[in-house]
Amino acid sequence: MKGHIVLLTGGAPYLGGPHTWQPLRDAAADLDFRDLDLLDVSVRDDFSAAVKNAITSAADGAAAIVAHGAIAGAALEAIAKLRANIPVVLLSPIAVTKDSAFLRAFRAALNGPLGAFLTAAARSKRKKLLTDELSLRRQMERLVRSDKISDALFQEARGRLADPRMDAFVQRTPQILRALLTPSTAVAQFKGASFFGHSPMDRKVRKRVCGTLLEAAWSAPMLEAPESVADHLQQILTFSM
Numbered sequence: 008m009k010g011h012i013v014l015l016t017g018g019a020p021y022l023g024g025p026h027t028w029q030p031l032r033d034a035a036a037d038l039d040f041r042d043l044d045l046l047d048v049s050v051r052d053d054f055s056a057a058v059k060n061a062i063t064s065a066a067d068g069a070a071a072i073v074a075h076g077a078i079a080g081a082a083l084e085a086i087a088k089l090r091a092n093i094p095v096v097l098l099s100p101i102a103v104t105k106d107s108a109f110l111r112a113f114r115a116a117l118n119g120p121l122g123a124f125l126t127a128a129a130r131s132k133r134k135k136l137l138t139d140e141l142s143l144r145r146q147m148e149r150l151v152r153s154d155k156i157s158d159a160l161f162q163e164a165r166g167r168l169a170d171p172r173m174d175a176f177v178q179r180t181p182q183i184l185r186a187l188l189t190p191s192t193a194v195a196q197f198k199g200a201s202f203f204g205h206s207p208m209d210r211k212v213r214k215r216v217c218g219t220l221l222e223a224a225w226s227a228p229m230l231e232a233p234e235s236v237a238d239h240l241q242q243i244l245t246f247s248m
């Protein structure tokens with residue numbers, strides 16, 4: 008197989024490190040996987056633009072992209088700009104596909120006191136999660152089936168929370184929310200493979216985005232059903248050769 012496979016998730020800080028993708032690596036040991044950790048993205052002013060630029064760079068010469076969670080829209084938009092025929096696989100994508108008066112008002116409010124309030128709340132939540140292991144585990148269980156949260160994955164999440172690079176994410180809480188709550192045409196029109204689990208968010212998005220339900224998955228198929236994801240990657244890569 009020519010080319011690598013880019014792995015990225017919007018689950019920072021809880022997911023995104025090596026242990027997030029290890030089950031998928033183990034399920035397809037013959038493939039060349041390369042992680043793109045959002046904590047490694049250098050952000051100055053425009054968070055969304057910085058992330059898309061990082062994806063574009065990582066996708067240079069790639070054979071496929073695997074995008075998990077809230078990074079789905081950014082990944083598809085970045086690949087579209089490349090004008091390259093790179094297959095994209097979405098895992099439990101989180102995206103808004105239809106706008107509303109409420110969403111427009113909320114996005115506008117993020118520029119004012121609401122944005123400052125949410126940033127302060129994010130800063131406070133980070134401090135709590137660093138000292139309260141039970142709260143951190145509960146937060147992770149929103150993304151990952153509880154029996155798939157290994158000690159290594161849990162400790163990795165703690166380390167990522169404490170990482171100084173998380174400061175940039177906390178400071179840009181309004182920007183991140185605005186990007187997430189802006190309708191994604193790319194996701195709405197996506198015709199590639201999407202895999203979902205049984206989480207409330209997965210069920211909600213699956214009503215708007217066509218995809219395959221994986222019985223073993225909750226909201227992180229690369230951890231909960233890595234063999235299914237690996238099998239699909241093998242199929243699309245074989246087909247594209």
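147 is the number that the working numbering gives to position 140 of the sequence shown; each next residue is one higher, with no gaps.
We put the beta carbon where it would ideally sit given N, CA and C, even for glycine.
Would you say residue i and residue j are within 8 Å of each other, going by their C-beta atoms?
i	j	result
S55	A81	yes
T27	M229	yes
L22	A227	yes
R167	G24	yes
V96	L240	yes
L143	R165	yes
Please classify residue i as buried or exposed, where buried requires at least 16 neighbouring CB atoms within 10 angstroms.
i	result
T138	exposed
D47	exposed
D44	buried
S191	buried
S206	buried
S99	buried
T219	exposed
T180	buried
F109	exposed
Sort the options by Cα distance to residue i and report the nearest one.
i	options	result
Q242	T104, A159, V216, A200	A200
D53	K105, A237, L110, L184	L184
A188	A129, L98, R111, P233	Here residue 188 is Leu; the residue named in the question, Ala, does not match the sequence. The shortest C-alpha separation from L188 is found at R111.
M173	H75, E140, R133, F124	R133
L31	T245, S235, F246	S235
S64	V96, Q162, A116, H11	H11
D170	Q196, R144, A193, L136	L136
K214	Q178, L221, A195, K59	A195
May I have the straight-line CA-CA distance separating residue i from residue j, to the nearest angstrom?
i	j	result
I101	G18	10 Å
A223	G204	7 Å
R130	D154	28 Å
G122	A57	20 Å
F176	A61	15 Å
S49	F246	35 Å
E163	G119	34 Å
In chain order, what residues of the same chain have a beta carbon less than 8 Å from the beta carbon of residue i, not counting five sequence neighbours either side?
i	result
A66	V13, I72, A85, I86, L89, A91, I93
If I measure Cβ to Cβ from residue i and keep anything under 7 Å in the same chain, skipping five residues before and after, which residues do I get?
i	result
I78	L15, T16, G17
C217	S201
L117	P181, L184, R185
State yes or no: is the beta carbon of residue i nearer than 8 Å to at least one beta carbon in chain B?
i	result
I156	This model lacks chain B altogether; it includes just one protein chain.
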